[in-house]
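First comes the structure, then the notes that go with it.
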């Protein structure tokens with residue numbers, strides 16, 4: 423139970439167990455009240471009569487996003503401040519965002535695009551800078567462009583290194599994994615008869631170009647994570663990439679003992695375990711879902727990625 427930010431006003435209707443109950447503060451105390459609240463969200467109060475509902479003025483950072491509504495018939499309400507993810511019901515470019523939030527222990531909501539009308543309404547709303555998804559509502563921002571979203575979340579939740587050098591290393595590792603993820607994401611779109619050729623290309627790139635880099639990094643410094651000695655965005659994206667490649671070839675890590683150890687460590691983290699459980703917001707690989715997605719964006723297969731950033 424959160425401590426009440428306004429312990430000075432006593433009344434009958436407080437819903438907090440750990441503090442006195444409250445009633446509407448007199449208007450004469452409103453200026454000092456606003457000052458005392460600081461980062462807490464200010465509310466409008468009626469001078470002549472109590473409001474039936476509190477009117478939120480502005481949002482504070484998500485970890486402090488709570489606000490109070492006062493009257494005999496009002497309850498103290500808590501706004502979760504959860505990020506809201508706008509995307510279709512599939513992995514695509516949003517899956518790395520889901521992974522990053524989940525690994526950071528951040529709960530999020532999803533507004534799933536189910537039809538072309540849903541996407542058109544989102545565009546008409548004016549919040550899609552380039553008329554593309556993914557989009558994430560967070561801290562009063564409408565973030566678009568996948569890397570911009572990921573960098574913001576990584577920095578916000580201390581997953582982006584402690585200095586410029588570590589940030590550069592994280593960026594380099596992540597960009598490599600992004601190249602690998604792109605190949606895997608495009609794999610269901612390959613033309614009939616080219617599946618085996620494309621699969622072999624992905625596996626060759628994974629085992630000869632990308633995984634050796636991460637194996638060497640973990641071996642060279644002997645630490646549990648790629649950069650420094652704490653989990654970063656790079657580790658989360660590497661773990662996601664490993665799982666994606668294993669879906670294509672289950673023994674892909676047989677020649678990479680350090681990556682095997684890395685995967686085992688990451689799998690034991692509580693936030694990761696939670697996201698791996700059935701029923702989580704993690705999306706499964708579903709090639710058949712592409713038909714639904716193409717209908718949402720009204721594009722043919724060759725132009726499928728036009729509306730994805």
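Residue numbers (the working numbering): 423 to 731.
All residues carry an ideal CB built from backbone N, CA and C; glycine is no exception.
Keep in mind that this is a model prediction, so the values were computed, not measured.
{"query": "Let me confirm a value: residue 537 is counted as buried when at least 16 other C-beta atoms fall within 10 Å, else exposed. Which label applies?", "result": "exposed"}
{"query": "What are the start and end residues of the alpha helix (DSSP H) that includes residue 605?", "result": "586 to 608"}
{"query": "According to DSSP, which residues form a beta bridge with residue 509?", "result": "534"}
{"query": "Locate the beta strand (DSSP E) running through residue 674, then write down its first and last residues.", "result": "No beta strand (DSSP E) contains residue 674, which DSSP labels as neither H nor E."}
{"query": "Just checking my contact of residue 525 with residue 658 at CB under 8 Å: how many whole Å lie between their CB atoms?", "result": "5 Å"}
{"query": "From residue 573 to residue 582, what does the alpha carbon distance come to, in whole angstroms?", "result": "8 Å"}
{"query": "Ordered along the chain, which non-local residues of its own chain (more than five positions away) have a Cβ less than 8 Å from that of residue 650?", "result": "583, 584 and 588"}
{"query": "Considering only their Cβ atoms, is the gap separating residue 560 from residue 614 smaller than 8 Å?", "result": "no"}
{"query": "Going straight from the alpha carbon of residue 625 to that of residue 671, what length do you get?", "result": "8 Å"}
{"query": "Less than 8 Å between the C-beta atoms of residue 666 and residue 606, yes or no?", "result": "yes"}
{"query": "Assess, as a yes-or-no matter, whether the segment 632 to 649 is touched by the segment 670 to 687 under the definition of 3 or more beta carbon pairs within less than 8 Å.", "result": "yes"}
{"query": "Looking only at its chain, what residues have a beta carbon closer than 8 Å to the beta carbon of residue 693, apart from the 5 residues adjacent to it on each side?", "result": "524, 525, 526 and 527"}
{"query": "Check for me: the beta strand (DSSP E) holding residue 617 runs from which residue to which?", "result": "Premise fails: residue 617 lies in the alpha helix (DSSP H), 617 to 627, not in any beta strand (DSSP E)."}
{"query": "In the DSSP assignment, find the alpha helix (DSSP H) that holds residue 640 and state where it starts and stops.", "result": "633 to 643"}
{"query": "Which of helix, strand or coil does DSSP assign to residue 528?", "result": "coil"}
{"query": "CB residue 534 to CB residue 564, shorter than 8 Å?", "result": "no"}
{"query": "Could you tell me which of 529, 628 and 515 sits nearest to residue 568, measuring between CA atoms?", "result": "515"}
{"query": "Count the other CB atoms within 10 Å of the CB of residue 676; is the residue buried (16 or more) or exposed (fewer)?", "result": "exposed"}
{"query": "Exposed or buried, what is residue 551 when buried is set at 16 or more other beta-carbons lying within 10 Å of its beta-carbon?", "result": "exposed"}
{"query": "For residue 576, which residues from the same chain have a beta carbon less than 8 Å from its beta carbon, with the 5 sequence-adjacent residues on both sides left out?", "result": "522, 582, 592, 654 and 655"}
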